[in-house]
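Visitor: Next up is a structure, given as structure tokens.
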Ligand SMILES: Cc1cc2nc3c(=O)[nH]c(=O)nc-3n(C[C@H](O)[C@H](O)[C@H](O)COP(=O)(O)OP(=O)(O)OC[C@H]3O[C@@H](n4cnc5c(N)ncnc54)[C@H](O)[C@@H]3O)c2cc1C
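Residue numbers (the numbering used here): -16 to 505.
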């Protein structure tokens, strides 16, 4: 428990310079003109905040002059207090040293217990440091801490607001680049910033896990995922000239790129793509006509990697990838309102005689289908790891809530039915995470592509079923709170809405099951 205690004390260090007051002193501040409240050892002056309190003035006033930690935690998400506008209300701290030893012990034990959230994170990050793993070294741990810290300070506190607004500040791309996070997977020659000691599939797994932890699928997909699926065909197959033109700009966060494959008539079956690109020999330009649907980052992208029909033959043959700047004449985009991923900048895009230079062809003509398929394994692995992260989050939010909520005379978590729900979520999430690690290990050791592809396809199905299950069970545990787009249940409400797209996008469950079996040569 030492590491946990250290964490608790580092929390307390943040408030050590505040004046210390006793419980008796606190009790004097319990009027509308002078209202102080104690939460987790910190005293907040809420006098001016009383009329602004979303839950009403009276309920807050009734908590003043006393320790309202339990009531607060039952009503609010913990992250509320990290908001700078509430931090400003801090006026004192509880004089822990003046408490009698039993009270002191109780206070610290409660803090330690709150930090202890079993099955809520990858086992090897257990704060006690007792759960060993053969996969991770100090290099991995440092990387995890670095990415985690960036997301915890620069993204997570703001995602609720961004999601409601339907987008996020695009400056986030550059900020993440400057922090050495955004371009870790790209080569240095294009501005990539590989972490010290190099890259392997466990660095990748950690990265994908932390990226999924931003708390909004829309932000994650638009800010991080689309570049990672739209750029690889250019890096792997594009001409030197094309690479020099766009790769650095995207890698360094100065421009956004999106992948445009899906059409109103072509989703799972990419061979149905109807968008055409015809070469006008006189001007050496491609003339593009067609429609693309559900394009993540489509509203914000500067470039699109577009799947077009360039050959006479139908089906898988005759498809090419072409780079199209979104300011090209004849290109229009409209935002699609979606069930989840509100900040995903999802677009419907039309091309009417859009012209781009011949040199915008990515790789070889009519090889587009192969390039799209090459990309898929990693895109699906992102979803697999994201599901493990979602499972942990559902468990975490459920435990936090069930510990403070009381029904029928005891804590929710003390009801056996609720503990069984947590057990089911934990079993599925632990098993799924272990499978992710196994696949990462196989990829690292370059196991045959066919075997990896089959496993990733099934792992993706396993992940989305897990996510769906955990989102549902967390909703049941949080009750009505999980139905509100604010407060305690907001994270779970969003997870429940976002789960469907994981089961459909990047290869639906039906297609993945079939692919997994076909690749295994039944
Ligand atoms: C929010 C969001 C973001 C997206 N972002 C992008 C993006 O950035 N770029 C992009 O190109 N696309 C994107 N997509 C599209 C996504 O990849 C497709 O929705 C997905 O491939 C499924 O295609 P479809 O919706 O056309 O469904 P269809 O292919 O029409 O399938 C409909 C249903 O039938 C099932 N089905 C289809 N064929 C079979 C079969 N043979 N056997 C059994 N069942 C079958 C499918 O599983 C599905 O459930 C996005 C989608 C969403 C919802």
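Built from N, CA and C at the ideal position, the CB exists for glycine as well. For clarity, every value in this text was computed on a predicted model and none was experimentally measured.
1. Compute every distance between the C-beta of residue 250 and the non-hydrogen atoms of ligand 1, then say whether any falls below 6 Å.
2. Measuring alpha carbon to alpha carbon, tell me which of 234, 297, 284, 277 ends up nearest residue 256.
3. Using CA atoms only, rank isn't needed, just tell me which of 33, 130, 84, 261 is closest to residue 305.
4. What is the rounded straight-line gap between the Cα of residue 28 and the Cα of residue -3?
5. Would you call the stretch 356 to 376 in contact with the stretch 438 to 446, where contact means no fewer than 3 C-beta pairs closer than 8 Å?
6. To the nearest angstrom, how far is it from the Cα of residue 104 to the Cα of residue 189?
7. In terms of residue numbering, what span does the alpha helix (DSSP H) encompassing residue 328 cover?
8. Answer with buried or exposed for residue 219, where buried requires no fewer than 16 other C-beta atoms within 10 angstroms of its C-beta.
9. Taking only the alpha-carbon atoms, compute the straight-line gap between residue 366 and residue 448 and give it to the nearest angstrom.
10. Just confirm the distance between the C-beta atoms of residue 5 and residue 81, as a whole number of angstroms; I'd bet it's less than 8 Å.
11. In this structure, does DSSP put residue 99 in helix, strand or coil?
12. Using 7 Å as the threshold, is the C-beta distance between residue 342 and residue 224 below it?
13. Taking 8 Å as the threshold, find out whether the stretch 258 to 275 comes into contact with the stretch 324 to 338 through three or more Cβ pairs.
14. Report, in whole angstroms, the separation of the C-beta atoms of residue 290 and residue 258, which I expect to be a contact under 8 Å.
15. Give me whichever residues DSSP pairs with residue 4 in a beta bridge.
16. With distances taken from CA atoms, which of 197, 229, 192 is nearest residue 210?
17. With 16 other CB atoms within 10 Å as the buried threshold, where does residue 415 fall?
18. Would the C-beta of residue 345 count as close to ligand 1, meaning under 6 Å from any of its heavy atoms?
19. Tell me whether residue 268 sits in a helix, a strand or coil according to DSSP, three-state version.
20. Find out if the Cβ-Cβ distance for the pair residue 174, residue 231 is shorter than 7 Å.
21. Which term fits residue 42, buried or exposed, when burial requires 16 or more other beta carbons within 10 angstroms of its beta carbon?
22. Is any heavy atom of ligand 1 found at a distance shorter than 6 Å from the C-beta of residue 439?
23. Count Cβ pairs between the stretch 471 to 486 and the stretch 377 to 394 that sit closer than 8 Å; are there 3 or more?
24. Can you find a heavy atom of ligand 1 that lies under 6 Å from the Cβ of residue 52?
25. In angstroms, rounded to a whole number, what distance separates the CA positions of residue 346 and residue 72?
26. Identify the residues that DSSP records as bridge partners of residue 354: which are they?
27. Across which residues does DSSP place residue 340 in a beta bridge pair?
28. Hey, could you find the ends of the alpha helix (DSSP H) residue 167 is sitting in?
29. Examine ligand 1 and report whether any of its heavy atoms sits within less than 6 Å of the Cβ of residue 491.
30. Strictly by DSSP, which residues pair up with residue 27?
31. In its own chain, which residues sit with a C-beta less than 6 Å from the C-beta of residue 75, not counting the 5 before and 5 after it?
32. Can you check whether the CB of residue 33 is closer than 7 Å to the CB of residue 51?
33. Look at the alpha carbon of residue 369 and the alpha carbon of residue 457, and state the distance between them as a whole number of angstroms.
34. In the DSSP output, which residue or residues are listed as bridge partners for residue 291?
35. Are the beta-carbon atoms of residue 420 and residue 118 separated by less than 7 Å?
36. Go ahead and pull the three-state DSSP assignment for residue 263.
Guide: The answer reads as follows:
1. yes
2. 297
3. 261
4. 17 Å
5. yes
6. 12 Å
7. Taken as a continuous stretch (DSSP letters only), residue 328 belongs to no alpha helix (DSSP H), as it is neither H nor E.
8. exposed
9. 12 Å
10. 5 Å
11. coil
12. yes
13. yes
14. 7 Å
15. 77
16. 229
17. buried
18. no
19. strand
20. yes
21. exposed
22. no
23. yes
24. no
25. 58 Å
26. The partner list for residue 354 (beta bridge, DSSP) is empty, contrary to what the question assumes.
27. 268
28. Taken as a continuous stretch (DSSP letters only), residue 167 belongs to no alpha helix (DSSP H), as it is neither H nor E.
29. yes
30. 20, 73
31. 1, 2, 4, 26
32. no
33. 17 Å
34. 303
35. yes
36. strand
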